[in-house]
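The sequence shown begins at 1 in UniProt numbering and counts up by one.
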Amino acid sequence: MSIDEYKDTLGSWEMFKVTFHYFLADKIFAPKCKVGNTAPDTDIIHLINGVSEKKSLLSLAKPGRLLILNFGSLDFVFIYVEEAHPEEGWIFPANTYQFKSPTTLNDRIEASCHLLKDMRNFGCEEGTFHFCVDTMDDKTNITYAAEPDRIYALLDAEKIHNISITDLRNRPEDILKKRQVDLSMKCAGSLSYDRLNTLSLQPNIRVIPKLETIFCHVPKVASTSLKRMFYFIQSGNKSIIPAHIDRNLVHLRRSPVLRSLNSYNISQARNILKTYKKIIFVRNPYTRLYSAYTDKFFATYSNFFRDLFGLKIVQAVRKSNISSIPTFTEFLIYLIDHSENKRFQAEMHWMPVDELCRPCDIKYDYIGKFETLKRDYEIIFEKLNVGKDIAKFLPTNVEMKSIIRKVNWKTVFKEFQSDYSEIFQKIKKRYHRDFHLFNYDSNM
1 MSIDEYKDTL GSWEMFKVTF HYFLADKIFA PKCKVGNTAP DTDIIHLING VSEKKSLLSL
61 AKPGRLLILN FGSLDFVFIY VEEAHPEEGW IFPANTYQFK SPTTLNDRIE ASCHLLKDMR
121 NFGCEEGTFH FCVDTMDDKT NITYAAEPDR IYALLDAEKI HNISITDLRN RPEDILKKRQ
181 VDLSMKCAGS LSYDRLNTLS LQPNIRVIPK LETIFCHVPK VASTSLKRMF YFIQSGNKSI
241 IPAHIDRNLV HLRRSPVLRS LNSYNISQAR NILKTYKKII FVRNPYTRLY SAYTDKFFAT
301 YSNFFRDLFG LKIVQAVRKS NISSIPTFTE FLIYLIDHSE NKRFQAEMHW MPVDELCRPC
361 DIKYDYIGKF ETLKRDYEII FEKLNVGKDI AKFLPTNVEM KSIIRKVNWK TVFKEFQSDY
421 SEIFQKIKKR YHRDFHLFNY DSNM
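Shown next, in the form of structure tokens:
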């Protein structure tokens, strides 16, 4: 419920009474409703097909099935508790119900029928939920410390969880689903898999047959860690530890364990795209760019990128031959102003995800984010039914390289934006679809 709906009641005697009621209920009764405790049983008045019948709350439970108690919504078991309406001192301008608090059970049942009628008008069919009325001693209300935003889940008379509607809206699995829906809407209709030329796909889209899954690994989004996890699962070798798998082994383009999708023939690839689960992990384009720069031009484990691109960048931007380590500014300028270096532009470590993973052509089932990596790892691997197998190998946090930790990337980009505003706008344009498709803010 939005505060705008009851702001005029703030400070009133009615609000004080209800707040005090919730305080006492939380202190006295809510502790009895902890996870795992035996669920308290109370009398309620069950309404169905216009007939009211006194029942015990737990009599509504079926063996082996969850019974959801939702105090203030219409899902599952709806329990109509003590009323709050304008005529009692409450000021709810948007409230469509105006009648006094009932003094008898029949009055309460009559009042609740107004809501039940509206529920039917909204398409809620009796039989798909239980509609109940609390007794006049408010026993269920008090016992469960009920608030309009509180939900309980009961299984075999055990209260296993209590959460709020807000918690439900922010459940991690729902966030993943929302990402998928948002992406689908922004793509405004994807291409048919039958028209997708699999030979044009990047080699970083890998196949894990054991999980009937494909994933597009995006460099600088903990892709090595993710590849090691999938390599561990696909290899079937339980004696190895994912973190100890050689990084060069998991990055092999022609890996016999993690085959690229474009290594399959067209009919096989199309069938995989249609039937396998599809996963992608993404990251804020700004932090991904900065991470790619620091890793490839400052990391000590390899000189490959310094030798391949470093000197060319310095020569083109700084007009000097004295170093093979460009500054971040030089790196960005070269990225925008030197499109003639096709190999540099096509390097997957800074290629836009839109080009790398084709998110509007391939319908990804799970979209993880670097910013919520551990949580998304856990949910996605659980969805793939391997959560228990790799739980002990999941990172406790994402270890960033020390050079990245020491520098605030926002400060770096703001300084660049100030000094090179035209080029900065071109960077925003180059990665515009990544910002847009995955809900990242391009403004500094």
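Cβ atoms here follow ideal geometry from the backbone N, Cα and C, with glycine treated the same way.
To the nearest angstrom, how far is the alpha carbon of residue i from that of residue j?
| i | j | result |
| --- | --- | --- |
| K274 | S112 | 48 Å |
| R247 | K227 | 9 Å |
| K406 | R283 | At K406, the pLDDT of 48 sits below 50, so the modelled position is not reliable; the number obtained from the coordinates is stated separately. Looking at the two C-alpha atoms, the distance is approximately 19 Å. |
| Q180 | D365 | 7 Å |
| N141 | L69 | 11 Å |
| S223 | E347 | 15 Å |
| K383 | S323 | 48 Å |
| Y144 | I44 | 13 Å |
| P285 | N385 | 31 Å |
| D295 | A243 | 19 Å |
| K277 | Y290 | 31 Å |
| S101 | D137 | 13 Å |
| Q268 | S260 | 12 Å |
| I109 | P40 | 23 Å |
| M351 | S339 | 13 Å |
| L373 | E173 | 13 Å |
| I423 | K388 | 47 Å |
| residue 466 | R254 | What is shown of the chain runs 1 to 444, which leaves residue 466 out entirely. |
| V314 | S239 | 46 Å |
| L57 | V51 | 17 Å |
| Y420 | R270 | 44 Å |
| R430 | K414 | 17 Å |
| R206 | I367 | 15 Å |
| K319 | I427 | 22 Å |
| Y301 | Y264 | 33 Å |
| K392 | S225 | 14 Å |
I believe residue i touches residue j by the beta-carbon criterion, under 8 Å. Please report the beta-carbon distance rounded to the nearest angstrom.
| i | j | result |
| --- | --- | --- |
| S235 | V257 | 5 Å |
| residue 453 | C132 | The structure shown has nothing for residue 453, since the chain only spans 1 to 444. |
| Q417 | M444 | 6 Å |
| I272 | I214 | 6 Å |
| F344 | Y293 | Not really, about 13 Å apart at Cβ, beyond 8 Å. |
| T42 | K186 | Going by Cβ atoms, the distance from T42 to K186 rounds to 48 Å, so no, they are not a contact pair. |
| M229 | I380 | Between I380 and M229 the Cβ distance is about 10 Å, and since that is not below 8 Å, they are no contact. |
| H349 | P209 | Not quite, the Cβ-Cβ distance comes to about 27 Å (not below 8 Å), so this is no contact. |
| L176 | D376 | 7 Å |
| N262 | L201 | 5 Å |
Please confirm whether residue i and residue j have their CB atoms less than 8 Å apart.
| i | j | result |
| --- | --- | --- |
| residue 446 | D134 | This structure cannot settle anything about residue 446, because the visible part of the chain is limited to 1 through 444. |
| H217 | N237 | no |
| E378 | L356 | no |
| V317 | I336 | no |
| D354 | R288 | no |
| L437 | P326 | no |
| I245 | Y231 | yes |
| I233 | L211 | yes |
| N439 | D107 | no |
| F370 | F281 | yes |
| N341 | K363 | no |
| V412 | F298 | no |
| L60 | H130 | yes |
Using the three-state DSSP reduction, which class does residue i fall into: helix, strand or coil?
| i | result |
| --- | --- |
| H46 | strand |
| D361 | coil |
| T135 | coil |
| V181 | helix |
| K429 | helix |
| H130 | strand |
| S52 | strand |
| Y440 | coil |
| T140 | helix |
| Y334 | helix |
| T103 | coil |
| G123 | Note that G123 scores 48 on pLDDT, short of 50, meaning its location in the model is unreliable and no value can be drawn from it. |
Following a CB-centred definition, is residue i positioned closer than 7 Å to any heavy atom of the ligand GTP?
| i | result |
| --- | --- |
| N321 | This structure simply doesn't include the ligand GTP, nor any ligand for that matter. |
### Unbroken stretches of the alpha helix (DSSP H), 4 residues or longer, contained in the region 372 to 397
373 to 383, 387 to 390
#### Entry: Continuous beta strand (DSSP E) assignments of at least 3 residues falling wholly in the region 191 to 262
Within the region 191 to 262, the runs of beta strand (DSSP E) at least 3 residues long that lie entirely inside it are, in chain order, 205 to 208, 213 to 216.
### beta strand (DSSP E) runs wholly inside the region 272 to 328, at least 3 long, in chain order
Listed in chain order, the beta strand (DSSP E) runs fully inside the region 272 to 328 are 277 to 282, counting runs of at least 3 residues.
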